[in-house]
Amino acid sequence: MSNLFDDRSVAVLERQIDEWLAGFAATNPAIVAIDRGEADELRWYVRMRGDDKEFITVWLTLGQRTLRYEAYVMPAPEENAELLYENLLRRNERLVGIHFAIGIEDAVFLRGDLPLAALCEDELDRVIGSLYAATEQCFQGLLRIGFASRFA
């Protein structure tokens, strides 16, 4: 297996991501914070104010070959789990570059990976925008399925 992106190449991408995110924050009022992970991590947190969901946080993790991205959508459903998971699978069919997944504690996430060869400012903007839009579009409906008795 080849070393497509050596440490120097990844360091260049790290600086570019820092710059791109700073530019997004300067021009997009929905972005309320951008933070970095621990000193030894190549990880960013982009926190945005939503309409249906109060806050949406996108995690970006830079690896040697891919940029992994994810957003927390909601906790595990308290009821109607089968209906909720069917709904998520049907939504996956329409999504591009992201997919619903069950994560820790059975919480619902949106996730995806981007090859580093395709990483550019426009693509990073598309990824963050896609996670934001998909979360906003589905959040209320998913809550009403997974926590139906609270809305009765």
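Take the sequence shown: its position 38, counted from the start at 1, is 38 in full-length UniProt numbering, and no numbers get skipped.
C-beta: ideal position from N, C-alpha, C; glycine also.
Predicted model, so just to flag it, every value in this text is computed and none were measured.
- Assigned with DSSP and collapsed to three states, R150 falls in helix.
- In this structure, L142 lies near V73, with their beta-carbon atoms less than 8 Å apart.
- Closest by C-alpha distance to G112, out of R68, T135, A118, is R68.
- If you draw a straight line from the Cα of G97 to the Cα of L110, it comes to about 10 Å.
- Taking D51 as the centre and dropping the five residues before and after it, the same chain places the C-beta of E136 closer than 7 Å to its C-beta, in chain order.
- Straight-line spacing of the CA atoms in M48 and T57 works out to 6 Å.
- Taken atom to atom, the span from the alpha-carbon of G23 to that of S149 is near 43 Å.
- According to the DSSP assignment, G103 belongs to no alpha helix (DSSP H), since it is labelled neither H nor E.
- By alpha-carbon distance to G37, the top candidate from T27, A25, L60 is L60.
- Membership of A26 in any beta strand (DSSP E) is not indicated; the residue belongs instead to the alpha helix (DSSP H) covering 7 to 27.
- Judged by DSSP in its simplified three-state form, R65 adopts coil rather than helix or strand.
- Taking V127 as the centre and dropping the five residues before and after it, the same chain places the C-beta of Y69 closer than 6 Å to its C-beta, in chain order.
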